[in-house]
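Beneath this line is the structure, given in structure tokens, with notes to follow.
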Amino acid sequence: MMPVTSYLALGAILFSVGLYGVLTKRNAVVVLFCVELMLNAANINLVAFSKYGLYSNQTGQVFTLFTITIAAAEAAVGVAILFALYRNQNTVKVDRYNSLNG
Numbered sequence: 001m002m003p004v005t006s007y008l009a010l011g012a013i014l015f016s017v018g019l020y021g022v023l024t025k026r027n028a029v030v031v032l033f034c035v036e037l038m039l040n041a042a043n044i045n046l047v048a049f050s051k052y053g054l055y056s057n058q059t060g061q062v063f064t065l066f067t068i069t070i071a072a073a074e075a076a077v078g079v080a081i082l083f084a085l086y087r088n089q090n091t092v093k094v095d096r097y098n099s100l101n102g
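In this text, residue positions in the sequence shown follow UniProt numbering: the first is 1, and each later residue adds one.
Written out as structure tokens, the structure is:
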């Protein structure tokens, strides 16, 4: 049985990689993937705290299911917005999207 610190370290590493990607990458698709990576790191922490917490219950796992649902909706809306922006400006570079009027 692995200790809780292993899960927390994995979550911290995944969150750090995702944050680095969001802050440095210019491709909008990669930024969306990095946001998903950050949400999955939070899910790992929720499940770890649910299993190894003071009172072992299912609350963290239920919150994880809600987070996965929200992440799926965020990905669908983000890809739809990205398609619309690409249709108007023919690029997926984030630094080119500085105004909403095209």
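Where is the CB? At the ideal position from N, CA and C, for every residue including glycine.
Quantities reported herein were computed from a predicted structural model and do not represent experimental measurements.
Query	Result
If residue 7 and residue 68 are in contact, beta carbons under 8 Å, what's the gap, nearest whole angstrom?	That pair is no contact at about 17 Å.
Under a three-way DSSP split, which group does residue 93 fall into?	strand
Taking the straight line between their C-alpha atoms, what separation do you get for residue 52 and residue 72?	27 Å
Quick one, are the C-beta atoms of residue 29 and residue 92 less than 8 Å apart?	yes
Pull the bridge partners of residue 27 from the DSSP assignment, please.	93
Between 42, 81, 62, which has its C-alpha nearest residue 18's C-alpha?	42
Please name the residue in 59, 39, 60 whose C-alpha comes closest to that of residue 16.	39
Looking at residue 61: is its Cβ nearer than 8 Å to the Cβ of residue 47?	yes
Please give me, in chain order, every unbroken run of the alpha helix (DSSP H) with length at least 4 that falls completely inside the segment 14–66.	28–52
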